[in-house]
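First up is the structure itself, then whatever we jot down about it.
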Amino acid sequence: MADTKPLLETENVSEVFGGLKAVSDFNIYINRGELIGLIGPNGAGKTTAFNLITGVYKPTTGEITFDGKSIVGLKPYEITQRGIARTFQNIRLFSELSVLDNVKIAYHCHVKYGLLETVFRMGRYFGEEKSIEDEALNLLKIFKLEEHAYEVAKNLPYGAQRRLEIARALAAKPKLLLLDEPAAGMNPQETQELMEMIRWIRKQFGLTVLLIEHDMALVMGICERIYVLEYGMIIADGTPSDIQNDPEVIRAYLGAEAIN
Amino acid sequence: MNSARKKDLVMLVFALVLYGVLQMMISTKVIGSFWELNIILICVNVIMSVSLNLINGYTGQFSLGHAGFMAIGAYVGVVATVKFGLPLIVALIMGAIAAGCLGFLIGLPTLRLRGDYLAIATLGLGEIIRIVIMNIDYVGGAAGFKGIPHLTNFTWVFFVMLVTLFFIKNFVNSSHGRACIAIRENEIAAEAMGVNTTKYKVMAFTLGAAFAGVAGGLFAHQFYLISPTSFTFLSSFNYLIMVVMGGMGSITGSIAGAFVVTFISAALASFPEVRMIIYALALILMMFYRPQGLFGYMELTNVGPIKKFLDKVSGSKEVI
Ligand SMILES: Nc1ncnc2c1ncn2[C@@H]1O[C@H](COP(=O)(O)OP(=O)(O)OP(=O)(O)O)[C@@H](O)[C@H]1O
Ligand SMILES: [Mg+2]
Chain Z
6 MADTKPLLET
16 ENVSEVFGGL
26 KAVSDFNIYI
36 NRGELIGLIG
46 PNGAGKTTAF
56 NLITGVYKPT
66 TGEITFDGKS
76 IVGLKPYEIT
86 QRGIARTFQN
96 IRLFSELSVL
106 DNVKIAYHCH
116 VKYGLLETVF
126 RMGRYFGEEK
136 SIEDEALNLL
146 KIFKLEEHAY
156 EVAKNLPYGA
166 QRRLEIARAL
176 AAKPKLLLLD
186 EPAAGMNPQE
196 TQELMEMIRW
206 IRKQFGLTVL
216 LIEHDMALVM
226 GICERIYVLE
236 YGMIIADGTP
246 SDIQNDPEVI
256 RAYLGAEAIN
Chain W
16 MNSARKKDLV
26 MLVFALVLYG
36 VLQMMISTKV
46 IGSFWELNII
56 LICVNVIMSV
66 SLNLINGYTG
76 QFSLGHAGFM
86 AIGAYVGVVA
96 TVKFGLPLIV
106 ALIMGAIAAG
116 CLGFLIGLPT
126 LRLRGDYLAI
136 ATLGLGEIIR
146 IVIMNIDYVG
156 GAAGFKGIPH
166 LTNFTWVFFV
176 MLVTLFFIKN
186 FVNSSHGRAC
196 IAIRENEIAA
206 EAMGVNTTKY
216 KVMAFTLGAA
226 FAGVAGGLFA
236 HQFYLISPTS
246 FTFLSSFNYL
256 IMVVMGGMGS
266 ITGSIAGAFV
276 VTFISAALAS
286 FPEVRMIIYA
296 LALILMMFYR
306 PQGLFGYMEL
316 TNVGPIKKFL
326 DKVSGSKEVI
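Quick mapping for you: the protein sequence lines, in order, are chains Z and W. Counted the way the numbering used here counts, the first sequence spans residues 6 to 265. Counted the way the numbering used here counts, the second sequence spans residues 16 to 335.
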């Protein structure tokens, strides 16, 4: 049965940049409905792992299976159409467009009206445009952005821009959501609210989530399982309490002296 | 009838009134033949600048070969009418298809290039098109194509321009248009949101080229003779100036740009020396004080009182 198999599985994935092994022997699996954390020191290869899963880079070796099918070699937009959406560590909004248009764009792969219906505004055009608008506004409401709907995205405060990135990713209606440091640059209160929001949307949208985060409290607080990456390799995985007590992880994060 | 259609209808009524007034002034000779010609050129240039805006402004792909596609439309059009005796409408459609196909073939490989490289490649291809035409004796070679029937008139250019504006307005205000705009804004994010960036770049380029072909067909049938010198990279540059001056990503802007540029060169036609100076000065001032162009990303239909009026007429705040 497809449903008992993991939603996402990577097998011995590695990526070499010049001589640098940014990711090697990367093996993870994510079951449907799980909320998984990916942590590790700066430069460990976390973002590279995301870029491999989303098709920005093609793995030097290895296999990535999503929903029972290999996604290696697909273009990023094809992977999004299969059901993986992401946010970016360094925010990549459509910065000159309105907040609403940012979200509307992400419905793109679900739009069925063709070029003729567009140009003559017949058939499915008005119906679909209306439902895109309604759904987009609804997403903005969830992320407390509705009063900014018609503002230009680049004028939003930093925390709101991060939330908009998540709202936009959700508009693509993914099965798997990849969040690259969603709380980066947020204050503790915003981070707390974000955590609750992530929990809530996971339930509401039946999502599976993979989350990169530096904020330990956030990761430990909401993730069911955690993978720890160092120098491109998984050095530990398990529940938050396993990870907290893992000597390898403590060494990686605090340095070897801390153990002695 | 929904509000977007009502707004379209209001715009159409406005356009028809404008047409009626201008047509009356032309037929009663209030507007003489010099300005009649320039009004026709403005309409042709609007088609050129709006279609170029689809590529450069909305999709953010820097193309500098638009005159090449215009040339294709012009030459295919005159061959259709002169050599095969076909009616103008068929000639325009054939010109559009030919320019569109060529746009597709050229766009597929060149749109992989970015920024300056794409600009140089399209500039070169525009020149290649012109030089190839110059060496085809069947269409008159460097001397040009003579004996073209004067089939273009104000009515033709005005309504073809309206169709073009309608087409491009509806395109950019759809999911397809949003995909193009997303590419301009952030190509990596666009791809991550499920936009097939290659497909939409090529689509914008092909559509833009096709409309340039239509403009070329109209342009050619206004004159007794066309020659390859009408389609040099300098004219491509001129269309680019219209787009930049009006605002990259605004249809109203492209109309304004085409109007201003054509009007200035017509008004200063008898002072060719000052013309270039004023032209250059206008551009420099523009770059200093309004680098986003006259309209930036704005449309006139979204400006304060005009928007209010349209909203009132249609009973909705929806953008058209
Ligand atoms: N496109 C690239 N070309 C060459 N090297 C790269 C490229 N992308 C990443 N790297 C290198 O790969 C390593 C892993 O980078 P990555 O961005 O994946 O780390 P990260 O775990 O996300 O770090 P951070 O916590 O700082 O975001 C780094 O040494 C980085 O310099
Ligand atoms: Mg990173």
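All residues carry an ideal CB built from backbone N, CA and C; glycine is no exception.
Spatial neighbours of M109(W) in its own chain (CB-CB distance under 6 Å, excluding positions within 5 residues in sequence) are listed in chain order as V91 and A95. For L102(Z), the chain W residues whose Cβ falls inside 9 Å of its Cβ are R193, I196, A197, E200 and Y312, in order along the chain.
DSSP places R168(Z) inside the alpha helix (DSSP H), whose first and last residues are Y163 to A176. Chain order gives no chain W residues near Y62(Z), where near means a beta carbon separation below 8 Å; the closest approach is about 12 Å. S75(Z) carries a strand assignment under DSSP once its states are collapsed to helix, strand and coil. Excluding five sequence positions before and after K21(W), the CB atoms of its chain that fall closer than 6 Å to its own CB belong to S329, given in chain order.
Within the DSSP bridge table, the entry for Y34(Z) names E14(Z) as partners. For E186(Z), the shortest C-beta to heavy atom distance toward ligand 2 is below 8 Å. For R20(W), the nearest beta carbon of chain Z is closer than 9 Å to its own beta carbon. Within the model, the alpha-carbon separation for Y34(W) versus T170(W) is close to 8 Å. Annotation: the continuous beta strand (DSSP E) that includes R91(Z) extends over I89 to R91. For N168(W), there are no neighbours in chain Z by C-beta distance under 8 Å, as the nearest C-beta there is about 26 Å away. Residue environment: P162(Z) is assigned as exposed (fewer than 16 neighbouring CB atoms within 10 Å of its CB, all protein chains considered). Judged by DSSP in its simplified three-state form, F186(W) adopts helix. Taking 9 Å as the threshold, the shortest C-beta distance from I137(Z) to chain W falls below it.
The Cβ atoms of L40(Z) and V233(Z) do not sit closer than 9 Å to each other. Judged by the Cβ position, I69(Z) fails to qualify as a neighbour of ligand 1 at the 8 Å threshold, every heavy atom of the ligand being at least this far. The C-beta distance from L169(Z) to N107(Z) rounds to 6 Å, short enough to meet the 8 Å contact threshold. For A136(W), there is no enclosing beta strand (DSSP E); the enclosing alpha helix (DSSP H) has its first and last residue at G130 to M149. Residue state for S245(W) is assigned as helix, using DSSP reduced to three classes. Within the DSSP secondary-structure output, D139(Z) pairs in no beta bridge. Short of 8 Å from the beta carbon of I151(W), and not among the five residues preceding or following it, lies no beta carbon of its own chain. Counting only the Cα atoms, F49(W) lies some 15 Å from C58(W). Residues of the same chain with a CB within less than 8 Å of the CB of P187(Z), apart from the 5 flanking positions on each side, are T92, R167, E170, I171, L199, I203, L216 and E218 in chain order.
In the three-state scheme derived from DSSP, where H, G and I count as helix and E and B as strand, M260(W) is classed as helix. In this structure, V61(Z) sits away from E68(Z), with a CB-CB distance that is not shorter than 9 Å. The beta carbon of R126(Z) sits closer than 9 Å to some beta carbon of chain W.
Each residue's CA atom was taken as its position, placing G88(W) and E195(Z) some 58 Å apart. Looking only at Y155(Z), R230(Z), Y112(Z) and E101(Z), the smallest Cα-Cα distance to G42(Z) is reached by R230(Z).
Contact note: P245(Z) does not reach chain W at a C-beta cutoff of 7 Å; the least C-beta distance is about 29 Å. Below the 7 Å Cβ cutoff, chain W contributes A197, E200, N201 and A204 as neighbours of F99(Z), in chain order.
When the five nearest sequence neighbours on each side are left out, the beta carbons in the same chain lying within less than 8 Å of the beta carbon of A158(W) are those of S242, in order along the chain. Within 10 angstroms of the beta-carbon of P252(Z) lie fewer than 16 other beta-carbons, which makes it exposed. Residue environment for R129(W): exposed (fewer than 16 other C-beta atoms within 10 angstroms of its C-beta). Under the DSSP assignment, D247(Z) falls in the alpha helix (DSSP H) whose first and last residues are P245 to Q249.
The criterion of a C-beta distance shorter than 9 Å is satisfied by V289(W) and L283(W).
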